[in-house]
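A quick write-up on the structure given underneath.
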Amino acid sequence: MEYPPDLTSQPTISSLIASIALERLSIVEAVHAETEKLYSKTDAVVSGAPYSEKVEDLLQLNDHLDVIMKAVISKEIYIEGIMEIIDKIVEKSAAR
């Protein structure tokens with residue numbers, strides 16, 4: 567493998583885009599897992615779990631979801647920046 571890699575080569579660009587797709591898939595999976603937790607906690611509320619447990623569980627889950635969503639937003643902003651760079655590389659290689 568050459569170093570530094572030729573960022574304008576088709577295999578490199580394809581690999582970068584595939585990597586970003588996998589990263590976005592991991593974000594979707596993380597959000598899905600948190601959604602499942604939320605459904606489970608709200609089901610407990612609806613089913614009549616003791617009130618103090620419901621409130622504590624929901625507040626704890628809210629704090630956890632806040633951390634997860636901030637991480638997801640940061641990662642998505644980072645990925646968007648990388649996609650902009652890839653777009654510029656593709657435009658430059660197309661102009662050749």
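So the sequence shown is numbered by my numbering: it starts at 567 and just counts up by one.
In this text, a Cβ means the ideal position worked out from N, Cα and C, and glycines have one as well.
Here the structure is a predicted model, which is why all the values come from computation and not from measurement.
Item checked: For SER575, the three-state DSSP class (helix, strand or coil) -> Note: SER575 maps to coil in three-state DSSP.
Note to self: As an exercise, report each continuous alpha helix (DSSP H) stretch of at least 4 residues that is fully enclosed by the stretch 578–661, in chain order.
What the structure shows: 617–661
Next item on the list: Inspect the CB distances between the stretch 625–637 and the stretch 576–588 and report whether three or more fall short of 8 Å.
Entry: Contact between the stretch 625–637 and the stretch 576–588 is not established, with fewer than three Cβ pairs separated by less than 8 Å.
Check: Taking just the CA atoms, how far does SER592 sit from ILE655?
Finding: 25 Å
Notebook entry, point to check: If you check the beta carbons only, do ILE586 and ILE648 fall under 9 Å apart?
Noted result: yes
Item checked: Reference LYS641, options ALA596, SER613, SER581, ASP572, closest by Cα -> ALA596
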